Amino acid sequence: MSTTLPLFWNLSSASKKDRIDASVKLISALEQFQLSHVPRQDTGSDSEEGGDVLDLLNSPDVSYSIRRLVRGLASSRESSRLGFSVALTELLSRINTIMCSQIVSLISDSTKKQSSMMGQEERDVLFARLFGLTAVIRSGLLVRQTPLPSSGSANSQVSSLESYRDVLEKLLEIGEAKSWLRESAWWTIGLAIDTVQAASPSVPWKMEALDTTVEHLFSKGRESGLWTPEKVAMLLKLQPLTPNYDWDSALAPMFKGSNLFSSANLVPLGRILKVGILTHCAVLSESAVDEDESSNASVGSWNPQLHFIWDMLFDRLLPSADSTQSPQGSLREFFRIVVDESLFSSTSSAERKYWGFQVFKEALTRVGPDQLSMLFTKNLMRSWTNHLSKSDRYLHKISLDVLTGIHGSQQFDKLTRTKTVESILTVMDTDGIKSYVLSLLEQVNPSKDSTEDTDSIHSRRTWIADQFAALVRNGSVPKNDEWIQIALDWYVVNGLFTVRKQSESSSIHALRVLPSPPFNEELHAHCRARLLGSLADLTGQTTVIKKGDQTHKEAGVASDGQFWISKTLATLARLDKDSKHVSPPVSLDEETQTSLGKAQKQLENLASVSTERKETARGFELVLSSLVLQCRCGEEGSVENLEACLAATSRMFTNQKSSKKHKNKQTALPPADDEAIPIDIFVDLLIGYLESASAYTRSVANEAFSRVTGVVQESTMNLILTQLERRNPAELAEDEDVDIDAESHDEQDGEVHESSSEEGVSEDDEEQCSSSEGDDEDAQQMRKKIVDELEASGVDGVPGDDSDEESNEELLNDEQMMAVDEHLAEIFRSRKDERRSKKGVDAQREATHFKNRVLDLVDTFVKKEPKNPLNVRLVLPLVDLVSKSGMDEKQLSDKAAGILKNRLAKSKDIPSEATSDEVETILREVHQRARKSHSSGPILSQSSLYLCRVLVHLKEEDAVVRIYQESWDDYMSRKASQTNYAFFQDLVRHFPAIASKFRDSILSSSTKAVNAYRRCQAFQLLGVVLSQPSKTSDDPGKDEQLSVPFQKSLQQTVLDLANGAVDDEGNLNAGQLKDLLKVVLLGVDRFAVEVRISEQ
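Under full-length UniProt numbering, residues 1 to 1096 are what the sequence shown spells out, in order.
Below you can see the structure in the form of structure tokens.
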């Protein structure tokens, strides 16, 4: 033993390598000792199962090592339990002179629980027993049938049914002793079952052992009413091994039948896996399950590691390719009920949702591409979104981990402010996206053997519609005309038609399947909404168009250059002719059909316009097509808008055909004096689009306007700028007062019509339902307020909610009725004022949003037409938005400032056709604002510089000098002037030539400065002017003639200021006077340079 004792120490090492090396050396040494050992003869002792029998057939080193290894399992030092259990397992597997009953008895004796043990000591012995029994099972000793080589005992069998039963009972005792050991103990039982099943047929008690296991685990006497995930796991193991057992009786009443994956058994299975321990009574009560969940979490029974049963469940649902088993149950139903509606339910704790994310990760490694979409269920996606939105959420880390490499929700990047999904989807190609789209279409109808109810089917169809919209919306998803057309066709078929008969050969994929059950009206409306939303997204996305060797980008079109909206109308036209397979749910009225016919003819005419007007015609085509689709979708006001658009289009392109015959370029009729020009009507229609809350109309308006900017007139720009004028919130809410008065009058009439109005609320309209609920709450609050007021006024017999009218009439006399009237009038007046105030705020908010959308048109116009003289007229309205917007209009102010700074001020193109008088007037107005506004100084300076560039381009430098000179004189002479020094410095730095003409005015105004600080700023600006290397003309002699009087004036001004400083009249200190002399030196250097240039 002296050679093996040192090896036991390294078995406890924290290093895995050291433990393995020590185990190898120990086992090798013990094998050598055993080979050289001569067994002793039995002396006839009856203690066959005692410790002495162990010494008969084994060498002293082996018997000592076995006892030492068993005792070491209870040690808590470092990694003793791991090292000793590995060595014991290996030793038992190599030594054939040991009986199973001997080792089990030795483990039991070494790990007896004493009443005096502390908590840590109790845990150590329980772990020691568990590890010891696991070593017996893993070593194969449990089922070894090799007889002992030599033994004095009559029974020389190494293993037996009794020893198996002993091991089983001891493992059950461990699981019952501590709840946190139950999973490990039952996993070891499963290991024993697998060992028995894999044993050779020579084991005579093999089937008896399995029957014994079934009786111990599922008998009526041992916790028959309790079900745990471990018990379900053993059920999965034992059912195939013991098919003759009466499983129906054993599983009742928890499960119905022996098929665990049937739809009826998925609900109790999900609750067992969620809670951990469940009785049949708890299954009948959802609240009991929630209470059990919270109680289990509080006592620390939760384990972050996923239970081993999930691997067994997925092995049954998704067997591997080399498995001989066939799939059991429906993965979609299992994942929806057991995972989504259980672990991810709204009442589930964070711990259970953590399990759910782990289950989802496990499922993703097993499912194929055709089954991937089944895992993206509603509650799972909601939990994902919530926990990814902020980094401080409990499950944020696991949510990010799950998303790695996962094709998740297409809205994640927007909702969670991450780029995780975007980076994943960019890896997929268009074929992969198409396969995903087709797999979604396959889920429209339930499977043949499915027992899914109608609500679940409609819910899944809604989810499919949302998935299509998400794919279209995500810009990172590779776009392809084929899969986009499939999605749009599906929306059209199921949103605007009812499928009567399937057409397997149709090019429209949606017609290849007959929906069963049919789509209801709610789904039709949802598909129409998603259709318009997807077209809105597509209208804003650009596509590369190839024509021969040339390529260009265009928005809102497919790869063939046709608008996506036009493609959708083409699908509509095909379906209108296919009455065999589809039928519209509602027929159009005669007026709408007439307007649609005119629109179709007009669209055909627009396709033949001349090339120079093609872009404008495309804009009109887009709006006409969008209105036709809106009419088909039943959008309110679409027919009236279509008529207006038809009138504008007709007048805009009326002479197109005649112009071709007469070769006349005039293609539009001139408007009458009192008639609006066509482009004004068209833009007014687009502005009406912007007032709508629909993303579809807004995207169409922006794209259409970008195509007609070349024909925008002065009156058109006035129409746009009128929308940006600021209005009083009271005026915005003035139109709402009539509605408020009507509502208040209805309230005073009583509550008789309340029930009838509630019955009129459509259950399919979620917004109306929520509005109705809000009105009910307001009504209840008002009733309570009335009762409180009456009781506070001392009115007795106040009627409650449950009082009938007769009793109320008897309780109230005339005086009380008068008091009731006065209080009611006061309450209704106060409520009217509250509503008016609220609607005034809402009106102001809506006006701000609307102006934001109008600014998008302005931004588009400046971007597309940088040389248009109308850009000059945009300066003042944009400046007003920046300077006059309130704190709640910051977004509006920022957008206007962005247009001024980034579009106008930085533009390289100048509106060369602008009139100088108009530009000069606007520049003068900008300076007037600069003298009164301090906060908008930078924006006013940028605007002023832009207008100066226009005037310089028009050869009107003198106007710039004159206006800046007036502002400078005001700044120097008036202390309250809000113009700052940087306003003039920007001019000097950007226009040195103009600054040279401006220097005399700066010098002369310094003597009129309102204080010494302003006087110093004058000379500081003069220094910047003198430092600019520029000249005022192309004649150097003329420059010298101009510089001589300026030098003399500068000399005299500086001398006067210096003398005044000596006499303490100018209030200049030494530092200021020093800066003044620096300006003089700059003037001397500048004059010398000009003289040298003149001489040369």
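A virtual CB, placed ideally from N, CA and C, is assigned to each residue, including glycine.
All values derive from a computational prediction rather than experimental measurement.
Residue i - containing beta strand (DSSP E), residue span
i, result
"residue 552", "550-555"
For residue j and residue i, believed in contact at Cβ under 8 angstroms, the rounded distance
i, j, result
"residue 66", "residue 57", "About 12 angstroms; that fails the 8 angstroms criterion."
"residue 922", "residue 947", "6 angstroms"
"residue 680", "residue 715", "6 angstroms"
"residue 145", "residue 159", "7 angstroms"
"residue 571", "residue 481", "With 8 angstroms as the limit, residue 571 and residue 481 do not qualify as a contact, their Cβ atoms being about 13 angstroms apart."
"residue 335", "residue 377", "7 angstroms"
"residue 851", "residue 892", "5 angstroms"
"residue 148", "residue 111", "Rounded, the Cβ-Cβ distance is 25 angstroms, inconsistent with contact."
Backbone secondary structure at residue i - three-state DSSP
i, result
"residue 227", "strand"
"residue 563", "strand"
"residue 498", "strand"
"residue 1041", "Bear in mind that the predicted position of residue 1041 carries a pLDDT of just 44, short of 50, making it unreliable; the figure below should be weighed with that in mind. Note: residue 1041 maps to helix in three-state DSSP."
"residue 507", "coil"
"residue 73", "coil"
"residue 623", "helix"
"residue 214", "helix"
"residue 642", "helix"
"residue 686", "helix"
"residue 582", "strand"
"residue 306", "coil"
"residue 532", "helix"
"residue 954", "coil"
"residue 1022", "helix"
"residue 1077", "helix"
Cβ neighbour criterion (16 or more within 10 Å) applied to residue i
i, result
"residue 495", "buried"
"residue 878", "buried"
"residue 229", "buried"
"residue 9", "exposed"
"residue 651", "buried"
"residue 117", "exposed"
"residue 175", "buried"
"residue 305", "exposed"
"residue 908", "exposed"
Extent of the continuous alpha helix (DSSP H) run through residue i
i, result
"residue 545", "Element bounds for residue 545: not the alpha helix (DSSP H) but the beta strand (DSSP E), 542-547."
"residue 182", "182-198"
"residue 325", "Here residue 325 belongs to no alpha helix (DSSP H), and DSSP marks it neither H nor E."
"residue 461", "454-473"
"residue 33", "16-35"
"residue 703", "695-708"
"residue 444", "First-last for residue 444: undefined, no H or E at that position."
"residue 513", "From DSSP, residue 513 is part of no alpha helix (DSSP H); its letter is neither H nor E."
"residue 717", "714-722"
"residue 990", "981-990"
Nonlocal neighbours in the same chain, by C-beta distance under 7 angstroms from residue i, ignoring five residues either side
i, result
"residue 995", "987, 988, 1025 and 1028"
"residue 657", "Here residue 657 scores only 46 on pLDDT, less than 50, and its place in the model should not be relied on; the value that follows carries that caveat. Correct list: empty, nothing qualifies."
"residue 1082", "1023, 1026 and 1027"
"residue 1018", "972, 1002, 1005, 1006 and 1009"
"residue 467", "440"
"residue 383", "344 and 353"
Close-in-space but distant-in-sequence residues of the same chain around residue i (CB under 6 angstroms, 5 per side omitted)
i, result
"residue 208", "161"
"residue 242", "210 and 214"
"residue 387", "393, 395, 396 and 399"
"residue 689", "697 and 701"
"residue 424", "Only weak support is given to the placement of residue 424: the predicted model assigns it a pLDDT of 45, under 50, and the value that follows is read from those uncertain coordinates. So the list is empty, once near-sequence residues are dropped."
Close-in-space but distant-in-sequence residues of the same chain around residue i (CB under 8 angstroms, 5 per side omitted)
i, result
"residue 646", "595, 598, 599, 602 and 624"
"residue 943", "875, 878, 879, 900, 904, 905 and 926"
"residue 360", "339, 375, 380 and 402"
"residue 188", "130, 133, 134, 137 and 171"
"residue 567", "485, 488 and 558"
heavy atom of the ligand FMN below 6 angstroms from residue i C-beta
i, result
"residue 551", "In the structure on display, the ligand FMN does not appear, and there are no ligands present to speak of."
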